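Novice: Before we start, here is the structure in question, set down as structure tokens.
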Amino acid sequence: MKITDFAVIFILLFLPFGVVSDLRVQNQREVQQLEMKYTSALRTAVQDAGVVLSQNERQEREAGYGSDKFFRVDKEEALNTFLHTLFLNMGIDGDTVAQRALLDYMPALMILDYDGYYVFASESYIDEHGKAVQGPKWSEKKPYAYVDSAGNSVGFTLDNYVHAYDARNHSWVEGFQKELQGQTMISLLNDPEAFEQVRRSTIVHSIQEDLGRLINLHNEKAAHNGISYTFTLPLISQEEWYNTVDDVGLMAFIQGIPVGDRYYNNYGFGGGRVVRKQAIIGGVEPDTGMKYFYRESCPAPYKATERFTDEKSAAAAGYFEYKCDNDYK
């Protein structure tokens with residue numbers, strides 16, 4: 001046989017393998033591009049929703065004076081913004097059929113508020129006409145609640161402010177942990193380190209438990225809609241969870257979108273924290289009864305009695321300025 005014959009045989013034998021390899025590489029490249037597109041769309045959507053959560057257009061929405069993490073969230077506006085941005089970047093803006101199909105791959109959407117969280121997910125409920133229906137809806141706000149072995153209950157927030165029930169004294173107290181330390185029989189409030197650990201773990205556990213329940217319900221709905229993928233609780237490290245629950249924000253989960261020969265799974269978080277000036281504290285000198293105001297970060301030797309938004313308001317209430325070394329650092 002001539003060498004050209006061997007060359008022809010070689011080409012006939014190995015050309016199909018080369019074609020298949022090229023197709024596989026091209027397919028992997030397309031899959032990666034799709035995954036990047038979905039990830040970018042999800043991140044942009046949660047970020048836009050997070051910005052909406054921090055908008056204070058009216059006075060009643062202004063951040064609370066006692067904490068830079070307390071302000072009233074507009075969950076409806078955040079949801080609309082999230083979906084609009086997501087649909088737009090997914091290339092399905094205006095395509096209601098594709099939008100409904102995409103929502104089938106979203107087991108839950110959560111909004112973390114200052115003292116609790118909301119869930120937007122498909123649930124069975126009774127509508128305004130008294131009929132049992134299945135569809136996406138907002139849950140009531142779910143508190144970050146904790147009960148200890150003595151029967152004391154604590155409602156946590158995204159910072160150290162609490163509403164707590166003292167079971168022994170049958171009384172309710174509220175305030176920052178450092179202000180309540182030593183004032184109640186609730187042992188958790190008297191240990192700053194244990195308080196912070198329990199606070200974070202309680203918030204994370206509450207969300208994880210609820211998310212697991214919702215994913216199980218979503219699996220039932222997905223199977224009914226012909227989706228064979230089994231949704232599972234996403235693997236998120238404890239450190240990531242703790243960072244996520246540090247501020248008001250929106251969490252969204254996408255699972256099971258077919259991409260090539262695998263499935264796309266991801267989640268996103270968009271924070272809505274407002275950065276503001278420190279609160280002005282009004283305090284009283286115990287011996288003389290003189291009233292002074294100072295910034296929240298100042299370790300002034302006075303008993304805090306009031307909070308103000310600015311120095312002018314404190315002065316108008318009869319407080320004199322206390323010069324703190326921290327103000328000049």
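No gaps in the numbering here: position 76 of the sequence shown is 76 in the numbering used here, and each next residue is one more. Every residue, glycine too, gets a C-beta built ideally from N, C-alpha and C. The structure presented is a predicted model; accordingly, all values stated were derived computationally and were not measured.
Looking at chain D, is there any beta carbon in it that lies within less than 8 Å of the beta carbon of ALA222?
Specialist: No chain D appears in this structure, which consists of one protein chain only.
Novice: If the criterion is Cβ atoms closer than 8 Å, does the pair LEU250 and VAL46 meet it?
Specialist: In this structure, VAL46 lies closer than 8 Å to LEU250 by Cβ.
Novice: Across which residues does DSSP place PRO143 in a beta bridge pair?
Specialist: BP columns for PRO143 point to GLY116.
Novice: Compare the C-alpha of GLN208 against each of PHE253, GLU174 and LEU189 and name the closest.
Specialist: Out of PHE253, GLU174 and LEU189, PHE253 has the C-alpha closest to the C-alpha of GLN208.
Novice: Can you give me the start and stop residues for the alpha helix (DSSP H) that GLY212 sits inside?
Specialist: Here the alpha helix (DSSP H) through GLY212 covers 192-224.
Novice: Three-state secondary structure (DSSP) at HIS163?
Specialist: It is a strand residue.
Novice: Compute the distance between the beta-carbons of TYR114 and LEU79, then report whether it is under 8 Å.
Specialist: Not in contact: TYR114 and LEU79 (Cβ atoms no closer than 8 Å).
Novice: Where do the N-terminal and C-terminal ends of the beta strand (DSSP E) with LEU250 fall, by residue?
Specialist: Where LEU250 is concerned, the enclosing beta strand (DSSP E) stretches over 249-259.
Novice: Measure the beta-carbon distance from ALA121 to ALA108 and round it to whole angstroms, keeping in mind my assumption that it falls under 8 Å.
Specialist: Indeed they touch by this definition, with Cβ atoms about 4 Å apart.
Novice: In angstroms with no decimal places, state the Cα-to-Cα distance between VAL162 and LYS141.
Specialist: Those two C-alpha atoms are separated by around 16 Å.
Novice: Any contact between the stretch 318-325 and the stretch 288-296? By contact I mean 3 or more CB pairs, one from each, below 8 Å.
Specialist: Yes: the two stretches touch, three or more of their Cβ pairs being nearer than 8 Å.
Novice: Strictly by DSSP, which residues pair up with MET110?
Specialist: Bridge partners of MET110: VAL119 and MET251.
Novice: What is the rounded straight-line gap between the Cα of GLU240 and the Cα of GLU285?
Specialist: When rounded, the distance between both Cα atoms is 43 Å.
Novice: Going by beta-carbon coordinates alone, are ASP405 and ALA223 separated by less than 8 Å?
Specialist: Here the chain has residues from 1 to 329 only, and residue 405 is not among them.
Novice: Could you check the C-alpha separation between ILE337 and GLY270 for me, to the nearest Å?
Specialist: As shown, the chain starts at 1 and ends at 329. That puts residue 337 outside it, with no answer to give.
Novice: I think GLU203 touches PHE156, with their Cβ atoms under 8 Å apart; what is that distance to the nearest whole Å?
Specialist: Sequence check: residue 203 is Ile here, not Glu. Yes, they are in contact, since the Cβ atoms of ILE203 and PHE156 sit about 6 Å apart, within 8 Å.
Novice: Go ahead and label HIS218 buried or exposed: buried means 16 or more other beta carbons lie within 10 angstroms of its beta carbon, across all protein chains shown.
Specialist: Label assigned to HIS218: buried.
Novice: Decide if MET90 is buried, meaning its Cβ has at least 16 other Cβ atoms within 10 Å, or exposed.
Specialist: Flag for MET90 reads buried.
Novice: Once the 5 residues before and after VAL198 are set aside, which same chain residues still bring their CB inside 7 Å of it?
Specialist: TYR146 and LEU188, listed in sequence order.
Novice: Per DSSP, TYR264 is paired with what?
Specialist: Bridge partners of TYR264: ILE257.
Novice: Please state whether the Cβ-Cβ distance between THR85 and ASP48 is less than 8 Å.
Specialist: Yes; because the gap between Cβ atoms is below 8 Å, this pair is in contact.
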